[in-house]
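Quick note on numbering: the sequence shown equals residues 1 to 322 in full-length UniProt numbering. Here's the structure, in structure tokens; my notes come after.
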Amino acid sequence: MHSRPAAGVGLALLSAVTFATSGTFARSLIEAGWSAESAVIARVGVAALVLAIPALLSLRGRWHVLRSNAAAIGLFGLLGVALAQVCFFNAVRYLPVGVALLLEYLGIILVVVWMWLRHGQPPRRLTIAGSMAALAGLAFVLDLAGTADFHPVGVLWGLGAAFGLAGYFVLAGRVDPRLPSVAMASGGMAVGAAVLLLIGLTGLLPLHATFGEVTFAGQATSWLVPIAGLSLVAAVIAYLAGIAGTRILGPRLSSFVGLTEVLFAVLIAWLFLNELPTGWQLFGGALIVAGVALVRLDELRSPPTAAPAPVTSEPELALDGR
Numbered sequence: 001m002h003s004r005p006a007a008g009v010g011l012a013l014l015s016a017v018t019f020a021t022s023g024t025f026a027r028s029l030i031e032a033g034w035s036a037e038s039a040v041i042a043r044v045g046v047a048a049l050v051l052a053i054p055a056l057l058s059l060r061g062r063w064h065v066l067r068s069n070a071a072a073i074g075l076f077g078l079l080g081v082a083l084a085q086v087c088f089f090n091a092v093r094y095l096p097v098g099v100a101l102l103l104e105y106l107g108i109i110l111v112v113v114w115m116w117l118r119h120g121q122p123p124r125r126l127t128i129a130g131s132m133a134a135l136a137g138l139a140f141v142l143d144l145a146g147t148a149d150f151h152p153v154g155v156l157w158g159l160g161a162a163f164g165l166a167g168y169f170v171l172a173g174r175v176d177p178r179l180p181s182v183a184m185a186s187g188g189m190a191v192g193a194a195v196l197l198l199i200g201l202t203g204l205l206p207l208h209a210t211f212g213e214v215t216f217a218g219q220a221t222s223w224l225v226p227i228a229g230l231s232l233v234a235a236v237i238a239y240l241a242g243i244a245g246t247r248i249l250g251p252r253l254s255s256f257v258g259l260t261e262v263l264f265a266v267l268i269a270w271l272f273l274n275e276l277p278t279g280w281q282l283f284g285g286a287l288i289v290a291g292v293a294l295v296r297l298d299e300l301r302s303p304p305t306a307a308p309a310p311v312t313s314e315p316e317l318a319l320d321g322r
């Protein structure tokens, strides 16, 4: 009886730690001359192909479900995959990985605002307190006192990633329950990769890639190492573990455990990139994580009405930085 929740927590933590590696893997490619857009295309394109087989198997006899959800999958691929990841990978060009991810996580607060303005669901006291804590933490993360390098372009990219993450949650919450999660993940990543590639071929997005040695964790290695890490570790394993963990724990509790992704990302960037935010930024990051945790905690409580929860009703796809 107790082994299933423990297994669910373990899978959710595995999903968080593997997703947390994406910024570190991407940094090695970007520093070697890859554009953020090329790194995203490689990541989600390979992952979509790997997940295509289980996705096709899950859809046997239910192709009409795929057809009826084509628009939703396309929009999910544009916002939740392409926009969120391109903005996040561009943000890590200018900011520490942990800071970029903290900015992206503000997307959860944006969902609260969206549900209030669009659906008339005012936030409750705990959500308001969490949102205020997150915004206060943002001031410290941006280091408005000027004790660390401030990169406005990186901040704008990070906030763009927050909008993408908000779109991810809103769209995932509207997914047809008949559509298998692995099909949603594979289809969304395929759409994201295809759209970015097509726009890049027109010259509107920069597409650069180098196919020689890159520096990862202070060591020279093949470019295939971070590509494999991005696509297999930070996408395939992360998504599958997140889906399995969510089915055991439920969407709200698993997404609560997924907040540990921020902590893992800071730790991984410190170990492999020797990159650590300033003391004030770490304090601000703690406020943001605490604020988002309060919002999540408020969602775990029974809603006062039958209205849908502020974030998602079935976010079986784990958080993506990203």
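All residues carry an ideal CB built from backbone N, CA and C; glycine is no exception.
- Nearest Cα to M184 within the set N69, G23 and S254: N69.
- Between A166 and G242, the CB-CB gap reaches or exceeds 9 Å.
- The DSSP-derived three-state label of S222 is strand.
- When the Cα atoms are used, L102 and V262 turn out to be separated by approximately 7 Å.
- With a threshold of 16 other beta carbon atoms within 10 Å, V113 falls short and is exposed.
- Residue A235 holds the alpha-carbon nearest to the alpha-carbon of A20 among L297, A235 and R178.
- For V112, no beta strand (DSSP E) segment is defined; the enclosing uninterrupted segment is the alpha helix (DSSP H) at G107 to H119.
- Exposed is the label assigned to P5, since fewer than 16 other Cβ atoms lie within 10 Å of its Cβ.
- Within the stretch 7 to 73, the alpha helix (DSSP H) runs of at least 4 residues that lie entirely inside it are, in chain order, 22 to 31, 36 to 58 and 63 to 68.
- Taken atom to atom, the span from the alpha-carbon of A209 to that of P226 is near 13 Å.
- By the Cβ criterion, the stretch 181 to 201 is in contact with the stretch 72 to 87, since at least three pairs of Cβ atoms, one from each stretch, lie closer than 8 Å.
- Between L135 and L297, the C-beta gap is not smaller than 9 Å, which leaves the two residues out of contact.
- Contact between the stretch 198 to 213 and the stretch 34 to 43 is present: 3 or more CB-CB pairs across the two stretches fall below 8 Å.
- Buried is the label assigned to W223, since at least 16 other Cβ atoms lie within 10 Å of its Cβ.
- Distance from the Cα of A162 is smallest, within the candidate group S58, I199 and I288, for I288.
- DSSP, read as helix, strand or coil, puts V191 in helix.
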